[in-house]
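Peer 1: My questions will all concern the structure given below.
There are 2 protein chains.
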Amino acid sequence: MAEGATRAGGAQTRFGRALVTGGEGFLGRHLCATLAAAGTQVVCVDNLSTSAPRFADLPRGVQFVEHDITAPLPQPWADTDFDVIFHLASPASPPDYLRLPLATLRAGAQGTTTVLDLADRCRSRVVLASTSEVYGDPLEHPQRESYWGNVNPIGPRSVYDEAKRYAEALAFAYHRDHGTDIGVARIFNTYGPGMRPDDGRAVPTFCRQALGGLPLTVAGDGTQTRSLCYVDDTVAGLIAMAGSRVSGPVNIGNPVELPVREIAEIIRDLAGADVPIEHHPAVTDDPQRRCPDISEARDHLGWAPTVSHLDGLSATVDWFREVLRAADVPTAQAT
Amino acid sequence: MAEGATRAGGAQTRFGRALVTGGEGFLGRHLCATLAAAGTQVVCVDNLSTSAPRFADLPRGVQFVEHDITAPLPQPWADTDFDVIFHLASPASPPDYLRLPLATLRAGAQGTTTVLDLADRCRSRVVLASTSEVYGDPLEHPQRESYWGNVNPIGPRSVYDEAKRYAEALAFAYHRDHGTDIGVARIFNTYGPGMRPDDGRAVPTFCRQALGGLPLTVAGDGTQTRSLCYVDDTVAGLIAMAGSRVSGPVNIGNPVELPVREIAEIIRDLAGADVPIEHHPAVTDDPQRRCPDISEARDHLGWAPTVSHLDGLSATVDWFREVLRAADVPTAQAT
Numbered sequence: 001m002a003e004g005a006t007r008a009g010g011a012q013t014r015f016g017r018a019l020v021t022g023g024e025g026f027l028g029r030h031l032c033a034t035l036a037a038a039g040t041q042v043v044c045v046d047n048l049s050t051s052a053p054r055f056a057d058l059p060r061g062v063q064f065v066e067h068d069i070t071a072p073l074p075q076p077w078a079d080t081d082f083d084v085i086f087h088l089a090s091p092a093s094p095p096d097y098l099r100l101p102l103a104t105l106r107a108g109a110q111g112t113t114t115v116l117d118l119a120d121r122c123r124s125r126v127v128l129a130s131t132s133e134v135y136g137d138p139l140e141h142p143q144r145e146s147y148w149g150n151v152n153p154i155g156p157r158s159v160y161d162e163a164k165r166y167a168e169a170l171a172f173a174y175h176r177d178h179g180t181d182i183g184v185a186r187i188f189n190t191y192g193p194g195m196r197p198d199d200g201r202a203v204p205t206f207c208r209q210a211l212g213g214l215p216l217t218v219a220g221d222g223t224q225t226r227s228l229c230y231v232d233d234t235v236a237g238l239i240a241m242a243g244s245r246v247s248g249p250v251n252i253g254n255p256v257e258l259p260v261r262e263i264a265e266i267i268r269d270l271a272g273a274d275v276p277i278e279h280h281p282a283v284t285d286d287p288q289r290r291c292p293d294i295s296e297a298r299d300h301l302g303w304a305p306t307v308s309h310l311d312g313l314s315a316t317v318d319w320f321r322e323v324l325r326a327a328d329v330p331t332a333q334a335t
Numbered sequence: 001m002a003e004g005a006t007r008a009g010g011a012q013t014r015f016g017r018a019l020v021t022g023g024e025g026f027l028g029r030h031l032c033a034t035l036a037a038a039g040t041q042v043v044c045v046d047n048l049s050t051s052a053p054r055f056a057d058l059p060r061g062v063q064f065v066e067h068d069i070t071a072p073l074p075q076p077w078a079d080t081d082f083d084v085i086f087h088l089a090s091p092a093s094p095p096d097y098l099r100l101p102l103a104t105l106r107a108g109a110q111g112t113t114t115v116l117d118l119a120d121r122c123r124s125r126v127v128l129a130s131t132s133e134v135y136g137d138p139l140e141h142p143q144r145e146s147y148w149g150n151v152n153p154i155g156p157r158s159v160y161d162e163a164k165r166y167a168e169a170l171a172f173a174y175h176r177d178h179g180t181d182i183g184v185a186r187i188f189n190t191y192g193p194g195m196r197p198d199d200g201r202a203v204p205t206f207c208r209q210a211l212g213g214l215p216l217t218v219a220g221d222g223t224q225t226r227s228l229c230y231v232d233d234t235v236a237g238l239i240a241m242a243g244s245r246v247s248g249p250v251n252i253g254n255p256v257e258l259p260v261r262e263i264a265e266i267i268r269d270l271a272g273a274d275v276p277i278e279h280h281p282a283v284t285d286d287p288q289r290r291c292p293d294i295s296e297a298r299d300h301l302g303w304a305p306t307v308s309h310l311d312g313l314s315a316t317v318d319w320f321r322e323v324l325r326a327a328d329v330p331t332a333q334a335t
C-alpha cells in the first residue's frame, strides 16, 4: 500500500497513484475528480472513442494519456507502479456499443487482459467495472450476485453483455491462477451531471427532450423498470470496493425500482415542460426489469446509495439546462 | 469457391484448401483425415498444449504447422487463401481447461479474433466449434439453439463456457459488421477412437478403468445424463455446416440421452470387465442434463447422427484395448 494512504471508517479512500481506464467517460470523469480531490495522483487513460477530450478542465492531480487499453500502456506508464487500477474502458451505452461492436468486444477481452497483466506486474488491486447487463433479461428479482443471468449470447447486445461476462471470467481466472487482487463491481444504471446528451440512455434523452420542448420518447410501454443510481453514489461504491479486499462480484446500484414511464414523468415535471410522452417500439433484448439486491455491498463494503431520486434528477436536469443553454439550444422554461 | 470443389446431395463435402485450428486434438484429427480423404488440402495448426504431435502418421494431404492461433499465422500461411476455416483450437476437456484457464480464455477471444480476421482477408467461410457448454446447466430440455443458457460467469468452468459464448458473440458481430461468412456449431459430447485415455471425460476414463480391471468412477449419483455422439457423426456434421450457408448456431450432437451410470455399465460390459462402479463427489457446476434438439441440423443441414451407441462404444472400447495393449498396460480380457 502506498505511503499516505488513509482510511476513513475502516475503508481506504485515498491511494498513492491510481490508473483509471475509460477515465474520460461519464463515470470515469467523476471517479477521476473524486480520487484527485482526496489527494490521489490519477492517470486517466482513454482512447476517446465515445467521449471528447476536455484538456481545459482536467482536474488538478489528473494526468490524461490518450491510449487504447487493448494494447499495453506506453512508457513511462507501462513501468509505473499503481496502487489501484479502475478498469472502466468500454463503450457503455447501447447506441455506442451497437455502433462499435468489435471495439466493445476487444475492450472486454484484450483490454481487461492488459489491465490484469499490468496489475500482476505491479501487484496492484484492480476494480473491474462490470455491469448489471451480465444478468441480461433477468428471471429473478431483485438480482443477487449469485444469479447466473439470462443473456442472449448472439444478439446485437451480446457484444457488450458477453464482453463483460468474459471480463469477469478472466478476472476470476487471474485471481485463482495468479492471485491477482481483483474486485468485480456490477454497476447498475448510473445517471447525473456530465452524461452526453446524445448517449442514448433514458435519463439524458428525457432531459434533452423535455428541456428542448420535445415529446419524451419511451421504448415499449414504459412499464419496464430501471434502478437509477446517482453518480456520486456509484463513485463512492467503486472507491469503497477499491479500499476493500472483497473480490465480489458486488452489485453497485440503487435498489429503488422505477418504471421508465415514471422516470420520464419526473424529468418532464422537473424541466417544467408541457410535452407529451410517446411510446416507441421496444428495443431488441431490452431487459424488462432490473433491480439490484445490495446486501453484499451493505454488509461487506459498508456502502449504500444516499441520494434520493428527486435530488439526483433535479441536479441532473439543472446541469443539462446549463449545458444546453451554453450550447444555445432553446430550452423550455420552468412554469 | 475453389476449383475442384464438389457437392454431394446438395452439400459441399470437398474444399480446395482448408485450415483446421486445433487440428491435433481428438476431433481435429478425425476432421483433418476425413477432409484429406475427400481430396481437400488441409493445413492443420495446433500449439500442442493438450496433444502430442504425430508426425509419423500424418494423413496424406495434411500439413502440420505448430503455432498458437492467438497470434496471427506465420508466413506463408498468413497469405494463403483458404476456402474454409474450421476453428477448433481450445483446451476442451474439463481437466485440460481447468489446468490451462488463461490459455482457454485466450483461445476463445484472441484465437477466434485471429481466425475471423484471416477469414475476412481471404473471404473464406469459418466454422466455429462452439459447445453445448454455452447452455451451462440448462433449465430447458432438450436444448434448442434459441435457449440462452444457464452459465455461472465466475465459476472455475467459466474459463471455457464464457470463452465460447464470447467466441459466438464475436463471430456474430463480425458477421453483422463485416459480412463474415460464419457457421456456428454447438458441439455436444463426442467420443470415439483417438481420445486421450487421460483426457478426463467419462468415456475414455471408463474405457481405461474397465480395460485395466479397475473400478469405474462415476461423479455424483450417475443419474446426470449425457448425449454421446460418435466422432464420425460429429465430423460429418461439421463438414455439412462448412458446405452450407447456415450461420447457426446449430446443435451438432446425438439426441439420445443416457445416464452416466448406464454409459459406465455399457462400457464395462463391452470390456468384459468384472469390476464395481463407484460414486465420487460431483464436480462443481457439472451440468445435470444435456441433450440437443437437432431439428435445425436435420432441417437446414440434412444432418443427423447414424451410428448407434452400441456400435460406437464397441469400436471405442476395441480401439482403447489395442492402444493400452500396445502401451503394455494390463487389460481385462473379454469374457
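Residue numbers (full-length UniProt numbering), protein chains in the order written: chain A, 1 to 335; chain B, 1 to 335.
All C-beta atoms, glycine included, are put in the ideal place defined by N, C-alpha and C.
In whole angstroms, what separates the C-alpha of B/His141 from that of B/Ser93?
Peer 2: Position 141 of the second sequence holds residue 141 of chain B. Position 93 of the second sequence holds residue 93 of chain B. Distance between the alpha carbons of B/His141 and B/Ser93 is about 23 Å.
Peer 1: Using beta carbons (cut-off 8 Å, strictly below), is A/Ala109 in contact with chain B?
Peer 2: Residue 109 of chain A sits at position 109 when you count from the first residue of the first sequence. True, the Cβ-Cβ gap to chain B drops below 8 Å.
Peer 1: Just checking: is the beta-carbon of A/Arg165 within a distance shorter than 8 Å of some beta-carbon in chain B?
Peer 2: The residue labelled residue 165 of chain A in the question sits at position 165 within the first sequence. Yes, contact with chain B.
Peer 1: Exposed or buried, B/Asp288, counting other C-beta atoms within 10 Å across all chains shown (16 or more means buried)?
Peer 2: Reading the second sequence from its first residue, position 288 is the one you call residue 288 of chain B. It is worth fixing the name first, because residue 288 of chain B is Gln in this sequence and not Asp. Answer is exposed; the Cβ neighbour count stays below 16.
Peer 1: Rounded to whole angstroms, what is the Cα-Cα separation between A/Asp125 and A/Thr114?
Peer 2: Position 125 of the first sequence, counted from the start, is the residue given in the question as residue 125 of chain A. Position 114 of the first sequence, counted from the start, is the residue given in the question as residue 114 of chain A. Per the sequence presented here, residue 125 of chain A reads as Arg, with Asp not at that position. So the two alpha carbons sit approximately 14 Å from each other.
Peer 1: Looking at chain A, is there any beta carbon in it that lies within less than 8 Å of the beta carbon of B/Ser227?
Peer 2: Position 227 of the second sequence, counting from 1, holds the residue named residue 227 of chain B. Not an interface residue.
Peer 1: The alpha helix (DSSP H) spanning A/Leu27 covers which residue range?
Peer 2: For the purposes of this step, residue 27 of chain A is taken as the residue at position 27 of the first sequence. Run containing A/Leu27: Phe26 to Ala37, per the alpha helix (DSSP H) assignment.
Peer 1: Roughly how far, in whole angstroms, is the beta-carbon of B/Ile252 from the beta-carbon of B/Ala282, given that I think they are within contact range, below 8 Å?
Peer 2: Start at 1 with the first residue of the second sequence, and residue 252 of chain B comes out as number 252. Start at 1 with the first residue of the second sequence, and residue 282 of chain B comes out as number 282. Not confirmed; about 27 Å, so no contact.
Peer 1: Are any of the Cβ atoms in chain B nearer than 8 Å to that of A/Ile294?
Peer 2: What you label residue 294 of chain A is simply residue 294 of the first sequence in a count that begins at 1. No, A/Ile294 does not count as interfacial toward chain B.
Peer 1: Are the stretch 12-19 of chain B and the stretch 27-47 of chain B in contact at 8 Å, needing three or more beta carbon pairs?
Peer 2: The stretch 12-19 of chain B, when compared against the stretch 27-47 of chain B, does touch it at the 8 Å Cβ threshold.
Peer 1: Check for me: the alpha helix (DSSP H) holding B/Cys122 runs from which residue to which?
Peer 2: Here residue 122 of chain B refers to the residue found at position 122 of the second sequence. Thr112 to Cys122 is the span of the alpha helix (DSSP H), which, as asked, contains B/Cys122.
Peer 1: According to DSSP, is A/Asp277 helix, strand or coil?
Peer 2: Numbered from 1 along the first sequence, position 277 holds the residue referred to as residue 277 of chain A. A quick correction: the sequence has Ile, not Asp, at residue 277 of chain A. The answer is strand: DSSP assigns A/Ile277 an E or B state.
Peer 1: Just checking: is the beta-carbon of B/Ser90 within a distance shorter than 8 Å of some beta-carbon in chain A?
Peer 2: Sequence index remark: in the second sequence, residue 90 of chain B carries index 90 (1-based). Not one chain A Cβ lies under 8 Å of B/Ser90.
Peer 1: Grab me the residues of B/Ser227's own chain with a C-beta within less than 7 Å of its C-beta, minus the 5 sequence neighbours each way, in chain order.
Peer 2: Here residue 227 of chain B refers to the residue found at position 227 when the second sequence is read from its first residue. The answer, listed in chain order, is Phe188, Asn189, Gly253, Asn254, Pro255, Val256, Glu257, Arg290, Cys291 and Pro292.
Peer 1: Quick one: Cα of residue 340 of chain B to Cα of A/Asp328, how far?
Peer 2: Nothing can be reported for residue 340 of chain B: it is not among the residues displayed for chain B, which extend from 1 to 335.
Peer 1: I'd like the span of the beta strand (DSSP E) that includes A/Ala129, first residue to last.
Peer 2: On the first sequence, residue 129 of chain A is found 129 positions in, with the first residue counted as 1. Residues Arg125 to Thr131.
Peer 1: In whole angstroms, what separates the C-alpha of A/Arg325 from that of A/Ala210?
Peer 2: Counting from 1 along the first sequence, the entry for residue 325 of chain A is found at position 325. Counting from 1 along the first sequence, the entry for residue 210 of chain A is found at position 210. Computed Cα separation, rounded: 13 Å.
Peer 1: Rounded to the nearest angstrom, what separates residue 336 of chain A and A/Glu278 at their Cα positions?
Peer 2: There is no way to answer for residue 336 of chain A, as the model of chain A reaches only from 1 to 335.
Peer 1: Show which residues of chain A have a CB atom less than 7 Å away from the CB atom of B/Glu162.
Peer 2: Looking up residue 162 of chain B in the second sequence gives position 162. Result: Arg165, Tyr166 and Ala169.
Peer 1: Among residues of its own chain, excluding the 5 on either side of B/Val323, which ones have a beta-carbon nearer than 8 Å to its beta-carbon?
Peer 2: On the second sequence, residue 323 of chain B is found 323 positions in, with the first residue counted as 1. The residues are Pro197.
Peer 1: Quick one: give me the first and last residue of the beta strand (DSSP E) that A/Glu265 is part of.
Peer 2: Translated into positions along the first sequence, residue 265 of chain A becomes position 265. Counting along the chain, A/Glu265 falls outside any beta strand (DSSP E), though it belongs to the alpha helix (DSSP H) covering Val260 to Ala271.
Peer 1: Starting from B/Thr306 and walking both ways along the alpha helix (DSSP H), at which residues does that stretch end?
Peer 2: Indexing the second sequence from 1 puts residue 306 of chain B at position 306. Taken as a continuous stretch (DSSP letters only), B/Thr306 belongs to no alpha helix (DSSP H), as it is neither H nor E.
Peer 1: Would you mind working out which of B/Leu214, B/Asp318 and B/Tyr191 sits nearest B/Ala273, comparing C-alpha positions?
Peer 2: Against the second sequence, residue 273 of chain B aligns to sequence position 273. The shortest C-alpha separation from B/Ala273 is found at B/Leu214.
Peer 1: Return the bridge partner residues of A/Asn150 from the DSSP annotation.
Peer 2: Within the first sequence, the letter at position 150 stands for residue 150 of chain A. Paired residue(s): A/Gly136.
Peer 1: Nearest chain B C-beta to A/Ala33 closer than 8 Å, yes or no?
Peer 2: Numbered from 1 along the first sequence, position 33 holds the residue referred to as residue 33 of chain A. No, its Cβ sits nowhere closer than 8 Å to a Cβ of chain B.
Peer 1: At least one CB of chain B closer than 8 Å to the CB of A/Leu105: is that the case?
Peer 2: By one-based count along the first sequence, residue 105 of chain A stands at place 105. It does: the Cβ of A/Leu105 has a partner Cβ on chain B nearer than 8 Å.
Peer 1: I'd like to know whether the C-beta of B/Ser158 is nearer than 8 Å to at least one C-beta of chain A.
Peer 2: Numbered from its first residue, the second sequence carries residue 158 of chain B at position 158. Yes - at least one Cβ of chain A is within 8 Å of the one on B/Ser158.
Peer 1: Of the residues B/Leu310, B/His87 and B/Asp68, which one's Cα is nearest the Cα of B/Leu31?
Peer 2: Residue mapping note: residue 31 of chain B aligns to position 31 of the second sequence, counting from 1. The shortest Cα separation from B/Leu31 among B/Leu310, B/His87 and B/Asp68 belongs to B/His87.
Peer 1: Return helix, strand or coil for B/Leu324, following the three-state DSSP convention.
Peer 2: Along the second sequence, one-based indexing puts residue 324 of chain B at 324. In this structure, B/Leu324 counts as helix in the three-state DSSP scheme.
Peer 1: Please classify A/Gln75 as buried or exposed, where buried requires at least 16 neighbouring CB atoms within 10 angstroms.
Peer 2: Here residue 75 of chain A refers to the residue found at position 75 when the first sequence is read from its first residue. Looking at its Cβ environment, which holds fewer than 16 other Cβ atoms inside 10 Å, A/Gln75 is exposed.
Peer 1: Leaving out five residues on either side along the sequence, give the residues of the same chain with a beta carbon under 8 Å from the beta carbon of A/Pro138.
Peer 2: Position 138 of the first sequence, counted from the first residue, corresponds to residue 138 of chain A. So the qualifying residues of the chain are Tyr147, Gly149, Asn150, Pro287, Arg289 and Arg290.
Peer 1: List the DSSP bridge partners of B/Val317.
Peer 2: As a working note, residue 317 of chain B is residue 317 in the second sequence. B/Val317 pairs with nothing; no bridge assigned.
Peer 1: If I'm right that B/Leu100 touches B/Leu170 with Cβ under 8 Å, what's the distance once you round it to whole angstroms?
Peer 2: For the purposes of this step, residue 100 of chain B is taken as the residue at position 100 of the second sequence. For the purposes of this step, residue 170 of chain B is taken as the residue at position 170 of the second sequence. Not really, about 20 Å apart at Cβ, beyond 8 Å.
Peer 1: Please state whether DSSP places B/Ser227 in a helix, a strand or coil.
Peer 2: Taking the second sequence and counting its residues from 1, the one referred to as residue 227 of chain B is at position 227. Of the three classes helix, strand and coil, the one that applies to B/Ser227 here is strand, per DSSP.
Peer 1: Rounded to whole angstroms, what is the Cα-Cα separation between B/Ala71 and B/Ala219?
Peer 2: In the second sequence, residue 71 of chain B corresponds to position 71, counting from 1. In the second sequence, residue 219 of chain B corresponds to position 219, counting from 1. Those two C-alpha atoms are separated by around 37 Å.
Peer 1: Apart from the five residues on each side of it in sequence, which residues of its chain come closer than 8 Å, Cβ to Cβ, to A/Tyr191?
Peer 2: Here residue 191 of chain A corresponds to residue number 191 of the first sequence, with the count starting at 1. The answer, listed in chain order, is Arg201, Val203, Pro204, Leu228, Cys229, Tyr230, Val231, Gly312, Leu313 and Thr316.
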